[in-house]
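Participant: Numbering (full-length UniProt numbering), first residue to last: 1 to 921.
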Amino acid sequence: MLDFKLLKTPPLNLIRTTKPPSPFEARLSSTFGRPVLPFPTAGFLSMANVARSRPLTVSAAKSSRSISTMDARSDEKKIKGTVVLMKKNLLELNDLKASFMDRVGELLGKVVSFQLISSVNTDPENEHQGKVGKAAYLENWITTITPLTAEDCEFDVHFDWDESIGVPGAFIIRNEHPSEFYLKSLTLENIPGEGKIHFACNSWVYPADKYKKDRVFFANKTYLSSDTPVGLKKFREEELVNLRGDDVKKEELETWDRVYDYAYYNDLGIPDKGEKYARPVLGGSKFPYPRRGRTGRAATIKDPKSESPLPLIESLFIYVPRDERFSHLKMSDLIAYALKSISQILKPDELDALLHTQKGFDSLEDVLKLYEGGVELPDALLKFVRSTTPAETIKELFRTDGERFLKFPMPQVIKEDKSAWRTDEEFAREMLAGLNPVSIHRLQEFPPASKLDPTVYGDQTSKITNEHILHNLDGLSIDEAINNNKLFILDHHDSLMPYLRRINETSTKGYASRTLLFLTNDGTLKPLAIELSLPHPDGDKFGFTSKVYTPSSQGVESHIWQLAKAYVAVNDSGYHQLISHWLRTHSVIEPFIIATNRQLSVLHPIHKLLHPHFRDTMNVNAVARQILINAGGVLEATVFPAKYSMEWSSFMYKNSWVFPEQALPTDLIKRGMAVEDSSSSHGVRLLIEDYPYAADGLEIWSAIKTWVEEYCSFYYKTDEMVQKDSELQSWWKELREEGHGDKKDEPWWPKMQTLDELIESCTIIIWTASAYHAAINFGQYPYGGYPANRPSISRRFMPEKGTPEYEQLEKNPEKAFLETVTPQLQTLLGMASIEILSRHSADELYLGQRDSQEWTTDARILQASENFRNKLKAVGERVTQMNEDGKLKNRTGPAKMPYTLLYPTSEPGLTGKGIPNSVSI
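1) Does residue 330 have its Cβ less than 8 Å from a Cβ in chain B?
2) At which residue ranges does the segment 525-603 contain complete beta strand (DSSP E) runs of 3 or more residues, listed in the order of the chain?
3) Mind the definition here: the segment 739-753 touches the segment 224-243 only if three or more C-beta pairs lie below 8 Å; say whether that holds.
4) Name the two residues that bound the continuous beta strand (DSSP E) containing residue 925.
5) Could you tell me the alpha carbon to alpha carbon distance between residue 532 and residue 793, rounded to whole angstroms?
6) I need the straight-line Cα distance from residue 177 to residue 206, nearest angstrom please.
7) Is it buried or exposed, residue 590, if we count other Cβ atoms within 10 angstroms and call 16 or more buried?
8) Going by CA-CA distance only, name the one from 508, 79 and 732 that's closest to residue 166.
9) Leaving aside the five residues before and after residue 677 along the sequence, list all residues of the same chain whose C-beta is less than 8 Å from its C-beta, in chain order.
10) Quick check on DSSP: helix, strand or coil for residue 753?
11) Quick one: give me the first and last residue of the beta strand (DSSP E) that residue 217 is part of.
12) Can you tell me where the beta strand (DSSP E) holding residue 115 begins and where it ends?
13) Just verifying my parser: in three-state terms, what is the DSSP assignment at residue 5?
14) Using DSSP with H/G/I as helix, E/B as strand and the rest coil, what is residue 820?
15) Can you find the residues in the same chain that come closer than 6 Å, C-beta to C-beta, to residue 481, ignoring five residues on each side of it along the sequence?
16) Would the beta-carbon of residue 787 fall within 8 Å of that of residue 831?
17) Applying the criterion that 16 or more other CB atoms from any shown protein chain within 10 Å of the CB defines a buried residue, is residue 891 buried or exposed?
18) Would you please state the rounded distance, in angstroms, between the beta carbons of residue 231 and residue 130? I believe it to be under 8 Å.
19) Around the Cβ of residue 612, are there at least 16 other Cβ atoms within 10 angstroms (buried) or fewer (exposed)?
20) Are the beta-carbon atoms belonging to residue 112 and residue 175 less than 8 Å from one another?
21) Would you kindly work out how many angstroms separate the C-alpha atoms of residue 703 and residue 873, rounded to a whole number?
22) By the three-class DSSP mapping on this structure, what secondary structure does residue 199 have?
23) Starting from the Cα of residue 640, find the closest Cα among 301, 503 and 587 and give me that residue.
24) Between the Cα of residue 652 and those of 465, 580, 757 and 561, spot the shortest distance and give me the residue it belongs to.
25) Can you pull the DSSP bridge partners for residue 87?
26) Using the rule of at least 16 other Cβ atoms within 10 Å of the residue's Cβ for burial, across every protein chain shown, is residue 860 buried or exposed?
27) Would residue 295 and residue 253 be called neighbours here (beta carbons separated by less than 8 Å)?
28) In its own chain, which residues sit with a C-beta less than 6 Å from the C-beta of residue 628, not counting the 5 before and 5 after it?
29) Which same chain residues, not among the five before or five after residue 118, have their C-beta less than 6 Å away from its C-beta?
30) Compare the C-alpha of residue 559 against each of 271, 411 and 808 and name the closest.
31) By how many angstroms is the C-alpha of residue 844 removed from the C-alpha of residue 919?
32) Which same chain residues, not among the five before or five after residue 491, have their C-beta less than 6 Å away from its C-beta?
33) Compare the beta carbon distance of residue 625 and residue 282 with 8 Å and say whether it is the shorter of the two.
34) Express the C-alpha separation of residue 698 and residue 547 in angstroms, rounding to a whole number.
35) Once DSSP output is grouped into helix, strand and coil, what is the label at residue 924?
36) For the segment 417-435 and the segment 874-893, state whether three or more C-beta atom pairs, one from each stretch, are separated by less than 8 Å.
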């Protein structure tokens with residue numbers, strides 16, 4: 001085996017020679033446009049035994065072989081460091097050009113240097129910052145031959161030990177290569193009096209000339225701001241200043257900028273394309289909204305308050321701080337699925353004519369063909385696809401006959417029974433164990449009342465009467481049913497009525513809805529009545545008009561009842577996607593991410609606690625603003641509020657989002673689904689015992705809160721410590737006043753003066769980002785992948801007697817149903833999008849998991865973390881047991897679809913289970 005041996009030569013950057021350059025050197029000089037350092041001759045490299053790096057195991061990095069050295073100073077004490085990093089890559093492949101340039105840079109003396117920083121001894125000549133040691137250099141970059149795939153590599157670095165350093169608590173890194181790399185960790189061995197010190201870095205390091213300040217990484221120890229070792233205080237403070245980016249110009253941020261800052265949602269519209277694509281800026285007094293991460297792109301021409309969008313091809317690479325971007329594996333997964341997704345090829349704004357002229361499905365059998373071989377497309381659509389799509393992508397999208405899209409996966413809701421979705425029991429069960437199990441309330445007054453301002457909207461009290469429901473209450477009176485906690489409501493009336501008149505001016509034709517349900521003795525719900533309402537034709541102040549529909553199984557009335565349920569499903573689908581999902585997870589969490597990075601050092605215990613729950617969220621949100629929630633984007637084409645979608649979500653943020661109510665027990669009590677009960681295991685008792693989302697959710701909530709309580713109590717012994725933690729107080733202040741600045745004066749914000757407030761707040765953040773998002777997101781395709789079960793748009797009103805639509809309903813009810821709800825192209829757009837959103841990537845980290853086993857040195861915390869994972873494992877086992885309990889009918893229902901959305905772990909792909917740590921896809 002060949003081996004490189006370095007024969008008593010100085011570092012490459014110190015070598016000088018007068019020998020003329022070789023032809024190879026001349027070619028390099030010509031290629032790169034500048035002189036290249038000539039290679040020395042005698043005494044430089046003898047080629048013998050070149051060893052390639054060893055392949056990785058799952059848990060090990062690729063390791064380079066050390067170059068044997070003969071150093072005149074070999075008697076000096078050296079500290080060995082092991083560096084794990086990943087070179088620049090393109091998706092899952094290494095960037096070969098970058099790799100070559102980095103090797104050339106090494107030959108030119110452009111190396112990667114490390115300097116240790118003392119945590120205990122300061123340098124009076126450098127503002128009493130921690131003493132900085134001599135530079136040490138990454139070894140064997142040239143001779144470490146990495147594979148094509150983007151994987152970790154291991155390198156050595158040897159530090160001259162300086163006793164005055166004492167205990168290293170941080171290090172400075174300078175990357176003089178022309179390309180960036182992902183630095184995972186540095187581990188020092190045999191530090192005198194300390195042993196091993198680990199630095200968990202997990203950050204992209206760009207060439208040094210891209211930064212105004214040197215990059216600094218800290219050891220994996222944890223300190224409150226007041227407890228920071230004296231040598232690290234200044235570095236800790238400066239790192240936070242760098243991340244705030246106050247000295248970075250407000251122009252467009254670059255890939256290497258590490259700036260976390262706030263901005264309004266002013267990039268949803270495209271006013272330069274015309275009034276049709278203009279959208280209001282979200283954020284501020286008129287349209288309150290959480291803040292997003294700043295990108296600093298140029299303003300549009302027609303509206304200086306709006307930020308210009310990126311071209312579609314660049315949307316996946318919109319600015320977010322580099323460490324917030326998708327991993328190479330997740331990015332490649334996303335692009336791979338997107339290339340097979342019509343939503344990435346066919347844009348509603350480009351196919352406006354098709355969207356308004358396309359046909360619906362003729363029968364439910366046609367819908368099933370989506371999973372059995374694809375669907376035939378209109379000639380105009382085929383022509384458009386073929387003219388705008390690369391040939392290889394065409395092969396992936398179409399079957400060999402070239403006329404049909406590849407089939408979609410079979411959604412779980414119809415896998416076992418193709419017609420169970422039609423039943424009233426399944427319709428009601430999905431309010432407890434479906435895609436949006438967070439909207440149902442217990443009915444506490446009859447008829448249902450409204451909270452809308454009567455001076456603006458008139459009398460909005462429901463027109464459902466005793467006669468509509470009394471015969472279905474198993475002999476109970478309405479008052480008895482209410483007092484016995486037997487009546488429930490899915491209420492999409494007040495949330496929609498203020499926007500419904502405008503929404504119905506688009507292609508949508510829908511209603512506000514109220515759905516009443518009765519809890520039967522076997523624990524299932526049965527629908528009693530559906531009220532479909534419209535704004536009064538004479539004006540809002542006159543109230544509303546409505547019709548009430550009741551269950552029927554015979555004749556045309558049964559078809560009308562099926563349509564009534566479809567209108568409810570349309571409302572619930574839109575509410576789910578825009579409010580329960582986007583607003584209450586993606587949007588509200590982003591300010592927490594920004595504030596945490598701006599105000600809490602990586603050394604701070606709360607930063608370490610929350611950081612795993614922020615993974616990928618800013619990147620997901622940034623891409624969504626470009627292709628999903630923007631003007632003409634996928635959501636506007638596939639949910640009923642259309643162009644008013646995001647404006648409506650602003651209305652709901654203003655009127656319904658309250659931070660403390662995001663706690664699961666508080667939410668359940670507010671909705672009347674549970675009552676406080678100190679004798680119950682979670683402090684609350686469910687009024688529907690077989691409520692799968694709540695039953696599983698309370699187990700997860702309890703496990704999270706126990707973990708957070710043990711964690712926070714380890715670092716904060718008293719309320720006074722919370723009050724005096726300057727970073728913590730700055731974090732909470734900025735979060736309220738900047739991140740959620742439009743709600744800064746709300747009285748319900750925790751004051752962050754007690755340990756209990758800290759524990760509850762952190763538990764809410766983690767719950768929202770992990771379990772709540774999982775319950776709302778990863779069932780989208782399993783339930784909504786069959787559009788008849790979860791239609792998201794209604795195109796015409798309920799047929800009236802004497803009309804052609806009513807006659808069609810009598811003669812061909814399936815076609816009438818399908819022509820009322822989502823048409824073909826919008827169905828495909830929606831299905832392709834939610835299929836991507838519902839998948840787990842191969843590198844997903846689930847609740848309780850960390851990207852490093854050495855994320856902290858505190859043994860008690862590591863044990864508490866292990867206890868947390870064990871509790872989650874037990875929750876998973878309990879979920880499986882309950883799904884097998886035949887007495888709990890809501891766990892599987894008529895569709896024979898076990899409720900697994902809060903099962904803690906999952907395999908990659910479309911599984912309908914698994915709780916990732918963060919709001920991600």
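In this text, a Cβ means the ideal position worked out from N, Cα and C, and glycines have one as well.
Facilitator: For this structure:
1) Chain labels in this structure do not include chain B; a single protein chain is all it has.
2) You should have 525-535 and 544-549.
3) These segments do not touch.
4) What is shown of the chain runs 1 to 921, which leaves residue 925 out entirely.
5) Residue mapping note: residue 532 aligns to position 532 of the sequence shown, counting from 1. Residue mapping note: residue 793 aligns to position 793 of the sequence shown, counting from 1. One C-alpha to the other measures close to 15 Å.
6) Counted from its first residue, the sequence shown places residue 177 at position 177. Counted from its first residue, the sequence shown places residue 206 at position 206. The straight-line gap separating the alpha-carbon atoms of residue 177 and residue 206 is approximately 8 Å.
7) In the sequence shown, the residue the question calls residue 590 occupies position 590. Buried: at least 16 other Cβ atoms inside 10 Å.
8) For this step, residue 166 is matched to residue 166 along the sequence shown. The shortest C-alpha to C-alpha distance from residue 166 to any of 508, 79 and 732 is the one to 79.
9) Against the sequence shown, residue 677 aligns to sequence position 677. Excluding the 5 residues flanking it on each side, residue 677 has same chain C-beta neighbours closer than 8 Å at 683, 684 and 685, in chain order.
10) By 1-based counting over the sequence shown, the position of residue 753 is 753. In the structure shown, residue 753 sits in coil (DSSP, three-state: anything other than H, G, I, E or B).
11) On the sequence shown, residue 217 is found 217 positions in, with the first residue counted as 1. Residue 217: member of the beta strand (DSSP E) spanning 215-218, first to last residue.
12) The residue you call residue 115 lines up with position 115 of the sequence shown. Residue range 112-123 is occupied by the beta strand (DSSP E) that includes residue 115.
13) Along the sequence shown, read from residue 1 onward, the residue named residue 5 stands at position 5. Because residue 5 carries a pLDDT of 34, less than 50, the predicted location of this residue cannot be relied on, and the following value inherits that uncertainty. In this structure, DSSP gives residue 5 an extended state, which the three-state scheme calls strand.
14) As a working mapping, residue 820 is identified with position 820 in the sequence shown. In the structure shown, residue 820 adopts helical secondary structure according to DSSP, grouped into three states.
15) Walking along the sequence shown from the start, residue 481 turns up at place 481. So the qualifying residues of the chain are 473 and 487.
16) For this step, residue 787 is matched to residue 787 along the sequence shown. For this step, residue 831 is matched to residue 831 along the sequence shown. Cβ distance < 8 Å, so residue 787 and residue 831 count as in contact.
17) In the sequence shown, the residue the question calls residue 891 occupies position 891. The residue in question, residue 891, is buried, as its Cβ has 16 or more Cβ neighbours within 10 Å.
18) Reading the sequence shown from its first residue, position 231 is the one you call residue 231. Reading the sequence shown from its first residue, position 130 is the one you call residue 130. Sure, about 3 Å apart at Cβ, within 8 Å.
19) For the purposes of this step, residue 612 is identified with residue 612 of the sequence shown, where counting begins at 1. Label assigned to residue 612: buried.
20) Reading the sequence shown from its first residue, position 112 is the one you call residue 112. Reading the sequence shown from its first residue, position 175 is the one you call residue 175. Taking 8 Å as the Cβ cut-off, residue 112 and residue 175 qualify as a contacting pair.
21) Sequence index remark: in the sequence shown, residue 703 carries index 703 (1-based). Sequence index remark: in the sequence shown, residue 873 carries index 873 (1-based). Residue 703 and residue 873: Cα-Cα distance of roughly 10 Å.
22) In the sequence shown, the residue the question calls residue 199 occupies position 199. Correct three-state label for residue 199: strand.
23) Locating residue 640 in the sequence shown gives position 640, where the first residue counts as 1. Checking every option, the nearest Cα to that of residue 640 belongs to 503.
24) Indexing the sequence shown from 1 puts residue 652 at position 652. Closest option to residue 652, Cα to Cα, is 580.
25) One-based indexing of the sequence shown puts residue 87 at position 87. According to DSSP, which records beta bridges pairwise, residue 87 is partnered with 181.
26) For the purposes of this step, residue 860 is identified with residue 860 of the sequence shown, where counting begins at 1. That one is exposed.
27) Translated into positions along the sequence shown, residue 295 becomes position 295. Translated into positions along the sequence shown, residue 253 becomes position 253. Taking 8 Å as the Cβ cut-off, residue 295 and residue 253 qualify as a contacting pair.
28) Here residue 628 is taken as the residue at index 628 of the sequence shown, counted from 1. Exclusion of the five residues before and after residue 628 leaves 634 and 635 as the residues of its chain whose Cβ lies within less than 6 Å of its Cβ.
29) The count along the sequence shown starts at 1 and reaches residue 118 at position 118. Taking residue 118 as the centre and dropping the five residues before and after it, the same chain places the C-beta of 130, 131, 165, 166 and 231 closer than 6 Å to its C-beta, in chain order.
30) The residue labelled residue 559 in the question sits at position 559 within the sequence shown. Check the Cα spacing between residue 559 and each of 271, 411 and 808: the tightest is with 808.
31) Taking the sequence shown and counting its residues from 1, the one referred to as residue 919 is at position 919. Taking the sequence shown and counting its residues from 1, the one referred to as residue 844 is at position 844. C-alpha separation (whole angstroms): 11 Å.
32) On the sequence shown, residue 491 is found 491 positions in, with the first residue counted as 1. Within the same chain, residue 491 has close Cβ partners 514.
33) Against the sequence shown, residue 625 aligns to sequence position 625. Against the sequence shown, residue 282 aligns to sequence position 282. No.
34) On the sequence shown, residue 547 is found 547 positions in, with the first residue counted as 1. On the sequence shown, residue 698 is found 698 positions in, with the first residue counted as 1. The alpha-carbon atoms of residue 547 and residue 698 are separated by roughly 38 Å.
35) Given a span of 1 to 921 for the chain in the structure shown, any question on residue 924 remains unanswerable.
36) Result yes; three or more Cβ-Cβ pairs closer than 8 Å.
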